[in-house]
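Q:
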Amino acid sequence: MPNCFARAGYRSKPEFFKEVGGAPAHLDWPNPKASQQTKKDVKAMKMLSEIIPPTDPVNQQFYDLVQKLLAFEPAQCIPVQDALQHPYFFGAGSGEV
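In terms of the numbering used here, the sequence shown opens at residue -14 and continues consecutively.
#1: Leaving out five residues before and five after PRO38 in sequence, what residues of the same chain have Cβ atoms less than 7 Å from its Cβ?
#2: Can the beta-carbon of ASN16 be found closer than 9 Å to that of PHE1?
#3: Applying the criterion that 16 or more other CB atoms from any shown protein chain within 10 Å of the CB defines a buried residue, is GLN46 buried or exposed?
#4: Mapping DSSP to helix, strand and coil, what is LYS(-2)?
#5: Hey, is the region 68 to 77 in contact with the region 50 to 60, meaning 3+ C-beta pairs nearer than 8 Å?
#6: Take ALA(-7) and list the residues in its own chain whose beta-carbon comes closer than 6 Å to its own, dropping the five residues that flank it on each side.
#7: Please state the DSSP three-state secondary structure of GLU58.
#8: How many angstroms separate the CA atom of ALA29 from the CA atom of GLN22?
#9: Could you check the C-alpha separation between ASP41 and LYS31 for me, to the nearest Å?
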């Protein structure tokens, strides 16, 4: 988790973060307060590559685009203009989209 998110999360919900040397180091989850159903639901979540299997050129391009759109670190997230110019919209299989 990026430090900026850990600090913001620690300020609003300190019970979910562990401290190391006085600074929030990482998310403390699952903690004892998390319900069994919550833990079960999180474990059942699929990886993006399972939802969009990159088995052909169209899926590979789509997977790449979605991965860039969902980047956790805002500085790593693809800008809208770049997303609209992504090869998925113009590359292999563009006639199928």
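Glycine included, C-beta positions come from ideal geometry on N, C-alpha and C.
A: Straight from the coordinates:
#1: If we look at PRO38 and ignore the five residues flanking it on each side, its Cβ neighbours are ASN44.
#2: yes
#3: GLN46 sits buried, since 16 or more C-beta atoms from the chains shown fall within 10 Å of its C-beta.
#4: coil
#5: yes
#6: Cβ within range, chain order: n/a, list empty.
#7: coil
#8: 10 Å
#9: 20 Å
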